[in-house]
Amino acid sequence: MSPGRIRLARRLAAKDLLIERRSRVLVNQVLPFSGLVMVVFAFALGTGGVLERAAPGLVWLAVLFSSLSTVQRSFGLETADGAMESLRVAGVDPIALFLGKAAALAIELLVLVTVLLGLAVVLYGTEPRAEGIVLLVTTAISATLGLAALGTIYGGLAAGGSGRETLLPLLVLPVAAPVLIGATRGVEAALGTDRTAVSEGWPWVGLLLVFAVAIGVGGALAFGTLIED
Amino acid sequence: MSAVLAMRDAGFILGAYAATVVVIGGFALWVLRAGRRSGELVDDEEKYWT
Amino acid sequence: MTPSPQTSIRRATGTRATRVLGIVTLVMLGWLGLFGLVLSPADVDQGDAVRIMYVHVPTVWLAYLAFIVTAVCSALYLFGKRHSLGFDRVAGASAEIGVVFMALTLISGSLWGRITWGVYWQWDARLTTTALLFVTYIGYLAVRGLDGTRERRARRSAVIGLLAAPVASLAHHRPR
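Residue numbers (my numbering), protein chains in the order written: chain C, 31 to 259; chain F, 17 to 66; chain U, -2 to 173.
This is how it looks when you write it as structure tokens:
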């Protein structure tokens, strides 16, 4: 990993984050949507313990659905004015492009996860406990990294061209299932849902990290092929 | 034949067999039709496999 | 083989080998029905439900074999020196077969589950992984349906075909 590549990736990530800071599309549209999803879950499941027990899974479901919009936004930026085409013609290293897009996506998703976990405390009555904080943070970060890498791979494929936007959920959701399962179990252990111990969560963090690394490496190598048309 | 129908849960078992035969048969017919359609697009002289 | 003066339908994509294979398959399907439903006795433990296993197990094996062929041919296309489109076609055709037989596996398996467990579906690791694999390859076929030149389609779907396999196996090896 050459320093030039890392510098380039940081520039690309900074570019995405700057666009978001100025346009506020995610803050004004995706964040309210994910909050709405959490409220709608509460309507569907009602009160009486179900919500509190299902809270970790519901948070990650909301993250998963919102991440689809976030990915579409991230690549909509690139295809809108032929920006991706320009980057490609300019000879931008696809590995740096992948790392940059994935890093920006990871930061955006991490904000989303934090807000939704906070909402779960308010809406679903989940209580974080002190001994589970480290596990909670590690789970959130490793799951977000996996989701960001995954979203970048399939977002690059699904961007541009007719009939491709609808392809994104079909491609992402089955592959994201291990993340959903691992992250839910991890958060359950951190919060102590169903009297689970904190130690039960760590193997799932391992799964999430293996997933993030595998998808990250595979995506970095495959990204050049996927975006070339 | 009556022994087959007298099996416990005969509906589920025969249903599984029927589904298998119907799906495989349908897939085979679909492949054959696709082959015939694409066969018409090629001149007979170029069909090196026949 | 010399071209026979047959109708144009006989000269489609079939060969003598595929016709013989087709007839053998039909005969064997009848054979399977005869032995699976009539001649074999009911199992000591499972009773008559075991008869579903005679179609369920071969379909799942065939589906896995088809997906392995897809992954291998995707790799051969991507990393081969000539980037032969033949491998791409085999990969695509094999994925279609895999999806069809995986669907059959899920149908016959859920009918078996209904007899044995009383429910059509259980959320254990093996069933979940199988269902995810099924959906993943439906996505692969959708990617093959995208526009673009043959070479682009081949490269794109080879990458997706290669990414799908390890992820599915990762879901299989999860804790507990």
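The C-beta atom is built at its ideal place from N, Cα and C for all residues, glycine as well.
Q) Apart from the five residues just before and just after C:I36, which ones in its own chain have a Cβ nearer than 6 Å to its Cβ? A) By 1-based counting over the first sequence, the position of residue 36 of chain C is 6. Counting only Cβ-Cβ distances below 6 Å, and skipping sequence neighbours, we find nothing.
Q | Spatial distance of U:P172 from C:A113 (CA atoms) | A | Position 175 of the third sequence, counted from the first residue, corresponds to residue 172 of chain U. Position 83 of the first sequence, counted from the first residue, corresponds to residue 113 of chain C. Model confidence at U:P172 stands at a pLDDT of 48, short of 50, so the residue's coordinates are unreliable; what they give is reported in the following sentence. Approximately 42 Å, taken between the alpha carbons.
Q.
So that I know if they touch, is there some Cβ in chain U lying closer than 8 Å to that of F:A34?
A. Here residue 34 of chain F is taken as the residue at index 18 of the second sequence, counted from 1. Answer no: the Cβ-Cβ gap between F:A34 and chain U never drops below 8 Å.
(Q) Looking at the secondary structure, which residues open and close the alpha helix (DSSP H) in which C:S116 lies? (A) Numbered from its first residue, the first sequence carries residue 116 of chain C at position 86. Unbroken alpha helix (DSSP H) run through C:S116: A113 to V119.
Q | Length of the line joining the Cα atoms of U:G142 and U:A100 | A | Counting from one through the third sequence, the residue named residue 142 of chain U turns up at place 145. Counting from one through the third sequence, the residue named residue 100 of chain U turns up at place 103. If you take the alpha carbons of U:G142 and U:A100, they lie about 20 Å apart.
Q: Alpha carbon to alpha carbon, how far is U:L159 from C:L38? Give it in angstroms, no decimals.
A: Looking up residue 38 of chain C in the first sequence gives position 8. Looking up residue 159 of chain U in the third sequence gives position 162. If you take the alpha carbons of C:L38 and U:L159, they lie about 28 Å apart.
Q) If we count the other Cβ atoms within 10 Å of its Cβ and call it buried at 16 or more, is C:L42 buried or exposed? A) By 1-based counting over the first sequence, the position of residue 42 of chain C is 12. Flag for C:L42 reads buried.
Q: Pick out whichever of C:R103, C:R159, C:G121 and C:A110 has its Cα sitting closest to the Cα of C:L139.
A: Counting from 1 along the first sequence, the entry for residue 139 of chain C is found at position 109. The residue with the shortest Cα to Cα distance from C:L139 is C:R103.
**Q.** Rounded C-alpha distance that separates C:I257 from F:K63
**A.** Counting from one through the first sequence, the residue named residue 257 of chain C turns up at place 227. Counting from one through the second sequence, the residue named residue 63 of chain F turns up at place 47. Cα-Cα distance, rounded: 36 Å.
Q) At which residue ranges does the segment 170 to 239 of chain C contain complete alpha helix (DSSP H) runs of 4 or more residues, listed in the order of the chain? A) Taking only runs of at least 4 residues, the alpha helix (DSSP H) segments lying wholly in the segment 170 to 239 of chain C are 197 to 221.
Q) What residue does the alpha helix (DSSP H) around F:R53 start on, and which one ends it? A) As a first step, residue 53 of chain F is located in the second sequence; it is residue number 37 there, counting from the start. Boundaries of the alpha helix (DSSP H) harbouring F:R53: A26 to E56, taken from the DSSP string.
Q) Got a sec, what are the start and stop residues for the alpha helix (DSSP H) U:W28 sits in? A) Along the third sequence, read from residue 1 onward, the residue named residue 28 of chain U stands at position 31. R13 to G30 is the span of the alpha helix (DSSP H), which, as asked, contains U:W28.
Q. Can you list the residues of chain F that U:L101 reaches, using a CB-CB cut of under 8 Å?
A. As a first step, residue 101 of chain U must be located in the third sequence, where it is residue number 104. Going along chain F in sequence order, the residues near U:L101 (Cβ under 8 Å) are A35, T36, V39 and I40.
(Q) What would DSSP say about U:G106, mapped onto helix, strand or coil? (A) Taking the third sequence and counting its residues from 1, one reaches residue 106 of chain U at position 109. It is helical.
Q) U:A68 to C:G248, Cα distance in whole Å? A) Taking the first residue of the third sequence as 1, we reach residue 68 of chain U at position 71. Taking the first residue of the first sequence as 1, we reach residue 248 of chain C at position 218. Their Cα atoms are separated by approximately 15 Å.
Q) With respect to the alpha helix (DSSP H) encompassing C:D46, which residues constitute its N-terminal and C-terminal limits? A) Position 16 of the first sequence, counted from the first residue, corresponds to residue 46 of chain C. Counting along the chain, the alpha helix (DSSP H) containing C:D46 begins and ends at P33 to S53.
Q: Return helix, strand or coil for C:G246, following the three-state DSSP convention.
A: Sequence index remark: in the first sequence, residue 246 of chain C carries index 216 (1-based). Looking at C:G246 - three-state DSSP - the assignment turns out to be helix.
Q) Run through DSSP, which three-state label would C:G76 get? A) Counting from one through the first sequence, the residue named residue 76 of chain C turns up at place 46. Looking at C:G76 - three-state DSSP - the assignment turns out to be coil, as it is neither helix nor strand.
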